[in-house]
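Peer 1: First, the structure itself, so that you have it in front of you.
Number of protein chains: 2
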Amino acid sequence: MTNSIKTVTVLGTGVLGSQIAFQTAFKDCTVTAYDVNDKVLEAARDRFEKLAETYANEVPGARDGAAEKALSRLTLTSDLAAAVAHADLVIEAIPEILDLKRNTYRKLGELAPDKTIFATNSSTLLPSDLKDATGRPEKFLALHFANRVWQFNTAEVMGTADTDPDVFARVVEFAKAIGMVPIELHKEKAGYVLNSLLVPLLNAAAELAAGGYADPSAVDTTWRIATGAPVGPFQIYDIIGLTTPYNIMASGDAEAQKLAAWLKENYIDKGKLGLATGETSPRGRGVSVSRRSG
Amino acid sequence: MTNSIKTVTVLGTGVLGSQIAFQTAFKDCTVTAYDVNDKVLEAARDRFEKLAETYANEVPGARDGAAEKALSRLTLTSDLAAAVAHADLVIEAIPEILDLKRNTYRKLGELAPDKTIFATNSSTLLPSDLKDATGRPEKFLALHFANRVWQFNTAEVMGTADTDPDVFARVVEFAKAIGMVPIELHKEKAGYVLNSLLVPLLNAAAELAAGGYADPSAVDTTWRIATGAPVGPFQIYDIIGLTTPYNIMASGDAEAQKLAAWLKENYIDKGKLGLATGETSPRGRGVSVSRRSG
Chain A
1 MTNSIKTVTV LGTGVLGSQI AFQTAFKDCT VTAYDVNDKV LEAARDRFEK
51 LAETYANEVP GARDGAAEKA LSRLTLTSDL AAAVAHADLV IEAIPEILDL
101 KRNTYRKLGE LAPDKTIFAT NSSTLLPSDL KDATGRPEKF LALHFANRVW
151 QFNTAEVMGT ADTDPDVFAR VVEFAKAIGM VPIELHKEKA GYVLNSLLVP
201 LLNAAAELAA GGYADPSAVD TTWRIATGAP VGPFQIYDII GLTTPYNIMA
251 SGDAEAQKLA AWLKENYIDK GKLGLATGET SPRGRGVSVS RRSG
Chain B
1 MTNSIKTVTV LGTGVLGSQI AFQTAFKDCT VTAYDVNDKV LEAARDRFEK
51 LAETYANEVP GARDGAAEKA LSRLTLTSDL AAAVAHADLV IEAIPEILDL
101 KRNTYRKLGE LAPDKTIFAT NSSTLLPSDL KDATGRPEKF LALHFANRVW
151 QFNTAEVMGT ADTDPDVFAR VVEFAKAIGM VPIELHKEKA GYVLNSLLVP
201 LLNAAAELAA GGYADPSAVD TTWRIATGAP VGPFQIYDII GLTTPYNIMA
251 SGDAEAQKLA AWLKENYIDK GKLGLATGET SPRGRGVSVS RRSG
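Line order of the protein sequences matches chains A and B. Here the first sequence stands for residues 1 to 294, numbered as in this note's numbering. Here the second sequence stands for residues 1 to 294, numbered as in this note's numbering.
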């Protein structure tokens, strides 16, 4: 099966949305990046320029103007109807607010042609939370990217029970065509694959330190030596920032709340929030974690 | 603080016991390896010869006869009294059977001089389970190695509330002196640091596959790409073998038992047990996991 998806619209030009749009354009698709108004699009333009620089520096095959060329395949607009009029695929990467997403899908369902596939990049919502709002649940699924898509190139593909298997297969092919490694989920799972693995590891690490069993540096050293990984769990916390883990733990059970309190007292209250997310994340660090804003 | 421990006795010449003894001799200590009878010691002799070969091939500084020289610092005996008569430190790496260990510590406590520190390499028992049998709880703690000690060189150091802090510090220095990275635990914790981190990750991976969410290969791919680790969780299962994880899960709660049943049906019953442990484990694989037999 070859890729049948050539014209792509990305909704949302935040950290991840802009990366998805740029990567897709870099891999020869015609891309429209949509956001709500001109001011936001202005910021998006800067983001895309910076991404072109980053690609030129970091991505094989992106030198000698190739990254710049991606910009020429990228159109920015705040007109949703125009944005989706010709799309084979719309990738939604707007803020993680259920009502906002559902309203957007309602509009999308009316504006987009019948052929258009919708994919959500949501990290925290399941496609089932959104599918009825799309008006086309058979053409709807999740396609979940990781921050620094050019480096951490997993694309988790997760449908609902209503997703047409042919649509699923086409999105898998599209993911490959834009340089991603598709990770297929056969059923819906909160956290997809990556966060389903990562959260238990990070919790276990926090338990060791919060419980006074071992220092964070000892925990990281153990993990690096034993598994050969370039970073340990506390280095991962540092990279993703502590705010998201804190919020997840603080809304968890009693045990999780104890860990949240420990994170707050020992790190957050001392201003240690971890490396900022997004553009300020360090180059070449060996870990990717799905961002909360999808 | 410099290392004050020069004369070391290792009880048990199984996979890990023989590695600990060889590594300690390789790092210039005088080592006595004890096991129960001459037949077992015969097998141990083969193990040490093979370790000398492995070191010569794999360990920096072990060529040109250096690994062979370690053998000259290594004495084998089945006479427990003679084995421990001059020991600064006894490292116990006998099978994980509580009564066997307690009886051994009772004998040791009578036979060893007052100065001798006792350390257990047990993976599954806490030092508290053994300390009263030693007759010297202040000179007793856990010193826990990982399979392929020359490569995965963590040494987890874990005392009880009774362990003399000076003894703890001396064992930390000893671990450094024999080329290990000491991982200090401030309180007792089943699973130490490594297995406290690894078990939740392996369980989460099994849940993804057993629940039908994602294939093992997709789980491994995700982990490798996202964290930069050389191996994913199912590759770790493969390396450590499935028998130990199965036994742990089968004696767990209802959720764990479901995972155990899945492992059994899909792997163990089909004869897929993972790579055998011990000498047959592959060279250079990027992971270490504490073995059940300590």
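Beta carbons are placed, not taken as given, at the ideal position from N, Cα and C, and that holds for glycine.
Within this structure, are the beta carbons of F22 of chain A and A70 of chain A separated by less than 8 Å?
Peer 2: What you label residue 22 of chain A is simply residue 22 of the first sequence in a count that begins at 1. What you label residue 70 of chain A is simply residue 70 of the first sequence in a count that begins at 1. Cβ atoms of F22 of chain A and A70 of chain A: closer than 8 Å.
Peer 1: Can you tell me whether G109 of chain B is helix, strand or coil according to DSSP?
Peer 2: Here residue 109 of chain B is taken as the residue at index 109 of the second sequence, counted from 1. Helix, per DSSP.
Peer 1: From the DSSP secondary-structure annotation, give me the bridge partner or partners of M158 of chain B.
Peer 2: For the purposes of this step, residue 158 of chain B is identified with residue 158 of the second sequence, where counting begins at 1. Answer by DSSP bridge pairing, in chain order: B:A142, B:L185.
Peer 1: Keeping to the same chain, check which residues put their C-beta closer than 6 Å to that of F26 of chain A; ignore five residues upstream and five downstream.
Peer 2: Start at 1 with the first residue of the first sequence, and residue 26 of chain A comes out as number 26. The residues are A70.
Peer 1: Using CA atoms only, rank isn't needed, just tell me which of A:D64, A:L98, A:L111 is closest to H86 of chain A.
Peer 2: On the first sequence, position 86 is the one that residue 86 of chain A refers to. Nearest C-alpha to H86 of chain A: A:L111.
Peer 1: Do you know how far the Cα of E173 of chain A is from the Cα of H144 of chain A?
Peer 2: Counting from 1 along the first sequence, the entry for residue 144 of chain A is found at position 144. Counting from 1 along the first sequence, the entry for residue 173 of chain A is found at position 173. Each residue's alpha carbon lies about 14 Å from the other.
Peer 1: List, in order along the chain, the chain B residues whose C-beta lies closer than 9 Å to that of E92 of chain A?
Peer 2: Your numbering for residue 92 of chain A matches position 92 in the first sequence. What E92 of chain A touches in chain B: nothing, since even the nearest Cβ is about 22 Å away.
Peer 1: What are the start and end residues of the alpha helix (DSSP H) that includes Y55 of chain B?
Peer 2: Indexing the second sequence from 1 puts residue 55 of chain B at position 55. Here the alpha helix (DSSP H) through Y55 of chain B covers 38-58.
Peer 1: Over what stretch of residues does the beta strand (DSSP E) that includes T2 of chain A continue unbroken?
Peer 2: Indexing the first sequence from 1 puts residue 2 of chain A at position 2. Run containing T2 of chain A: none; DSSP gives neither H nor E here.
Peer 1: Between P233 of chain A and chain B, is there a C-beta pair that is closer than 8 Å?
Peer 2: For this step, residue 233 of chain A is matched to residue 233 along the first sequence. Chain B, which has a Cβ nearer than 8 Å to the Cβ of P233 of chain A, makes this yes.
Peer 1: Any beta carbon from chain B within less than 8 Å of P60 of chain A's own beta carbon?
Peer 2: Taking the first residue of the first sequence as position 1, residue 60 of chain A is located at position 60. Not one chain B Cβ lies under 8 Å of P60 of chain A.
Peer 1: Skipping 5 residues on each side, what residues in its chain have a beta carbon closer than 6 Å to that of W262 of chain B?
Peer 2: As a first step, residue 262 of chain B must be located in the second sequence, where it is residue number 262. Answer for W262 of chain B: A210, listed in chain order.
Peer 1: By a C-beta neighbour count over all protein chains shown, 10 Å radius and 16 as the cutoff for buried, is R63 of chain A buried or exposed?
Peer 2: Within the first sequence, the letter at position 63 stands for residue 63 of chain A. So R63 of chain A ends up on the exposed side.
Peer 1: Could you have a look at R236 of chain B and say whether DSSP puts it in helix, strand or coil?
Peer 2: In the second sequence, counting from the first residue as 1, residue 236 of chain B sits at position 236. Here residue 236 of chain B turns out to be Ile, not Arg, going by the sequence shown. Three-state DSSP puts I236 of chain B in a helix.
Peer 1: Just reading off the alpha helix (DSSP H) that V8 of chain A is part of, what are its end residues?
Peer 2: Position 8 of the first sequence, counting from 1, holds the residue named residue 8 of chain A. For V8 of chain A, no alpha helix (DSSP H) segment is defined; the enclosing uninterrupted segment is the beta strand (DSSP E) at 7-11.
Peer 1: Report the option in A:V167, A:V10, A:E68 whose CA atom is closest to the CA atom of L76 of chain A.
Peer 2: Along the first sequence, read from residue 1 onward, the residue named residue 76 of chain A stands at position 76. The option with the nearest alpha carbon to L76 of chain A is A:V10.
Peer 1: Can you name the residues of chain A whose CB is closer than 7 Å to the CB of F152 of chain B?
Peer 2: Sequence index remark: in the second sequence, residue 152 of chain B carries index 152 (1-based). Chain A residues near F152 of chain B: I225, A226.
Peer 1: Kindly indicate the opening and closing residues of the beta strand (DSSP E) around A119 of chain A.
Peer 2: Taking the first residue of the first sequence as position 1, residue 119 of chain A is located at position 119. Run containing A119 of chain A: 117-120, per the beta strand (DSSP E) assignment.
Peer 1: To the nearest angstrom, report how far apart V15 of chain B and N147 of chain B are at their CA atoms.
Peer 2: Within the second sequence, the letter at position 15 stands for residue 15 of chain B. Within the second sequence, the letter at position 147 stands for residue 147 of chain B. Rounded to the nearest angstrom, the two C-alpha atoms are 8 Å apart.
Peer 1: Going along the segment 166-200 of chain A in order, which residues come within less than 9 Å of chain B, judged by CB to CB distance?
Peer 2: Hits within the stretch, in order: V181, P182, I183, E184, L185, H186, K187, E188, K189, Y192, V193, L194, S196, L197, L198, V199, P200.
Peer 1: Here's the rule: buried if 16 or more other CB atoms are within 10 angstroms of the residue's CB, otherwise exposed. What is D88 of chain B?
Peer 2: Start at 1 with the first residue of the second sequence, and residue 88 of chain B comes out as number 88. With 16 or more other Cβ atoms within 10 Å, it is buried.
Peer 1: How big is the Cα-Cα spacing for S290 of chain A and Y192 of chain A?
Peer 2: What you label residue 290 of chain A is simply residue 290 of the first sequence in a count that begins at 1. What you label residue 192 of chain A is simply residue 192 of the first sequence in a count that begins at 1. At S290 of chain A the pLDDT is 44, less than 50, meaning the model places this residue with poor confidence; the figure from the coordinates comes in the next sentence. When rounded, the distance between both Cα atoms is 10 Å.
Peer 1: So, for F48 of chain A: in the same chain, excluding its five sequence neighbours on each side, which residues have a beta-carbon less than 7 Å away from its beta-carbon?
Peer 2: Position 48 of the first sequence, counting from 1, holds the residue named residue 48 of chain A. So the qualifying residues of the chain are S18, F22, L71, L74.
Peer 1: Assign S251 of chain A to buried or exposed, taking buried as 16 or more other Cβ atoms, counted over all protein chains shown, within 10 Å of its Cβ.
Peer 2: Translated into the one-based positions of the first sequence, residue 251 of chain A becomes position 251. Result: exposed.
Peer 1: How many angstroms separate the CA atom of T134 of chain B from the CA atom of D114 of chain B?
Peer 2: Taking the second sequence and counting its residues from 1, one reaches residue 134 of chain B at position 134. Taking the second sequence and counting its residues from 1, one reaches residue 114 of chain B at position 114. Distance between the alpha carbons of T134 of chain B and D114 of chain B is about 11 Å.
Peer 1: Can you name the residues of chain A whose CB is closer than 8 Å to the CB of Y295 of chain B?
Peer 2: No answer is possible for residue 295 of chain B: the residues shown for chain B start at 1 and end at 294.
Peer 1: For the segment 204-218 of chain B, enumerate the residues whose C-beta is nearer than 7 Å to any C-beta of chain A, in chain order.
Peer 2: The residues in question are A204, A205, L208, G212, Y213, A214, A218.
Peer 1: Spatial neighbours of L126 of chain A within its chain, please: C-beta separation below 6 Å, excluding the five flanking residues on both sides.
Peer 2: Looking up residue 126 of chain A in the first sequence gives position 126. If you ignore the 5 residues before and after L126 of chain A, its C-beta comes within less than 6 Å of the C-beta of E188, all in its own chain and listed in chain order.
Peer 1: Beta carbons nearer than 8 Å to chain B: which residues of the segment 92-123 of chain A have them?
Peer 2: none
Peer 1: Just to make sure I have the definition right: I need the residues of chain B whose C-beta is within less than 7 Å of the C-beta of P230 of chain A. Which are they?
Peer 2: Stepping through the first sequence from its first residue, residue 230 of chain A is reached at position 230. Residues of chain B passing the Cβ test: G228.
Peer 1: Return the CA-CA distance between V149 of chain A and A226 of chain B, expressed in angstroms with no decimal places.
Peer 2: Taking the first sequence and counting its residues from 1, the one referred to as residue 149 of chain A is at position 149. Taking the second sequence and counting its residues from 1, the one referred to as residue 226 of chain B is at position 226. Between V149 of chain A and A226 of chain B, the C-alpha separation is close to 10 Å.
Peer 1: I'd like to know whether the C-beta of T222 of chain B is nearer than 8 Å to at least one C-beta of chain A.
Peer 2: On the second sequence, residue 222 of chain B is found 222 positions in, with the first residue counted as 1. Chain A, which has a Cβ nearer than 8 Å to the Cβ of T222 of chain B, makes this yes.
Peer 1: Measuring only between beta-carbons, confirm whether A254 of chain A sits less than 8 Å from chain B.
Peer 2: Along the first sequence, read from residue 1 onward, the residue named residue 254 of chain A stands at position 254. Not one chain B Cβ lies under 8 Å of A254 of chain A.
Peer 1: Leaving out five residues before and five after S128 of chain B in sequence, what residues of the same chain have Cβ atoms less than 7 Å from its Cβ?
Peer 2: Along the second sequence, read from residue 1 onward, the residue named residue 128 of chain B stands at position 128. Taken in chain order, the residues that qualify are T160, E188.
Peer 1: Which chain A residues are close to A146 of chain B, counting only those with a beta carbon under 7 Å from its beta carbon?
Peer 2: For the purposes of this step, residue 146 of chain B is identified with residue 146 of the second sequence, where counting begins at 1. The contacting residues are A226.
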